[in-house]
Every structure is written in C-alpha cells, then in structure tokens.
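Numbering-wise (the numbering used here), the sequence shown opens with residue 73 and increments by one.
We put the beta carbon where it would ideally sit given N, CA and C, even for glycine.
Just so it is clear, the structure is predicted and the values come from calculations on it, not from any experiment.
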Amino acid sequence: MENTNAQNGIILIPDFSGFTEFVFNTKLYTGEYIVRQLLSILIDVNHQYFDISEIEGDAILFYRYDSKPSYKKISRMLSNMRMAFNMKIEELSEMLNTTIDLSLKFIVHYGKFSQYNIGNFRKLYGKPIVEAHQMLKNGFAEQPSYALYSHSFLKNSQKENYNSCEEMQVSEVGAIQYFGNTLA
C-alpha cells in the first residue's frame, strides 16, 4: 500500500524550557493565562507560514510542505518568534508582578511525512515527526535558549551561507544556534 499523501517538508517545534518547574510553581489560572499568551504570540508571529498540527502543553508542532526550504527565512522567523516571546514575557512579568522563568528552544527538521484526519484533527505521520520530538530531549544543548537545525534540514535547505554562521555549534544531530538572554 503506497501513501501518495507523503511529501517533503519542514517540522518546526518551538518548546518552552523551564515549563515543568513553571507549572509546579505557578497558580493554575495565572499559569494557564501566561502559557496561552505565549503560545498565541508564537502562532501570531508565524503569519500562517506554517500550519499547526498540534499544541501540546508548552510546544507547538508546526509543519510546512516545502521541497526547497529556506534557512534564511526560517532563521529570520525564529528570531522574530523569540523576540516576540521575550517581549511578551517582559510584558506579562510587569503586568502580573511576577518572574516568569521560561525560555524558548526550537527544533527545525526536514523529511518526508504524511498526514491523516481523525474527526476534526489533522495528524502528521512519519519518521521525521518522531525524530523531531526526540531532538527536543537532547543532551547536546548547553544553554536553555537555542535553535537546533537538523542535518537533514541544513542539507536540504537552500544554500545561504549558514555554514559561516559563527554562533552555530555542530552536534551529532545538527547545528545548534544559542540565543543570549536579550530580547533580540
């Protein structure tokens, strides 16, 4: 049986670092409000470039079928998402008079996957989906705020001088770009 629905595409997962501790140390209503605001800002900054497959706790599973992904475009989008996320944290911290100790990490992966519907839900299926989730639980990252671009994404993206990016450190699964604690 062959699935003609399978296509090459990008998997993007923005995920909060520090989420478990945040949930345990924040009142239910306040925590829910903060997480809803932070997830919403990531969705808004996406500008419908990526489709949403799932939202699970503190992570969004974005995807886009794309035979020629652009490192430059994705990198710029991650920067915008991170800046909006950090600005929203600053705004919420001030408004709620609390410290929000969350940061953002991104997994960017590429490969062939398909989708199927169950009721009103659209589910993704394929090896790249599982691999992207496995990358979330990596032991390579030395700092909580980063973007991990898989070797598969880098190999298949349009060659736009990402190799010369000094902030990237190569790991077994790809290249990691660390973000400082600033808004940019």
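Residue(s) in a DSSP beta bridge with residue i
i      : result
ASN228 : Bridge partners of ASN228: none, in fact.
PRO86  : PHE178
ASP123 : TYR135
MET240 : GLN249
ARG268 : No answer is possible for residue 268: it lies beyond the span of the chain, which begins at 73 and ends at 256.
SER222 : GLY246
Cβ-Cβ distance between residue i and residue j below 8 Å
i      : j      : result
ALA219 : LEU150 : yes
MET155 : LEU114 : no
ALA213 : ILE190 : no
LEU84  : PHE178 : yes
LYS199 : GLY211 : no
SER139 : SER229 : no
THR102 : LEU208 : no
LEU164 : ILE127 : no
ILE70  : VAL180 : Only positions 73 to 256 of the chain appear in the structure, and residue 70 is not among them; the question remains open.
Closest Cα partner of residue i within the set the options
i      : options                           : result
ILE201 : ILE190, LEU164, ASN158 and ARG136 : ARG136
SER186 : GLU166, SER125 and SER217         : SER125
PRO57  : GLU163, MET240, GLN79 and TYR221  : This structure cannot speak to residue 57, because the chain is shown only from 73 to 256.
GLN79  : THR102, LEU196 and MET167         : LEU196
GLU203 : ASP116, ASN192, GLU244 and MET240 : GLU244
CB-CB length for residue i against residue j, believed under 8 Å
i      : j      : result
GLN120 : LYS160 : In fact, because the Cβ distance is near 19 Å, the residues do not count as touching under 8 Å.
TYR250 : SER217 : 7 Å
Practice task
Could you tell me whether the region 158–175 touches the region 131–139, where touching means 3 or more Cβ pairs closer than 8 Å?
Solution key: no
Problem - Validate contact between the region 137–148 and the region 224–231 using beta carbons, cut 8 Å, 3 pairs - result: yes
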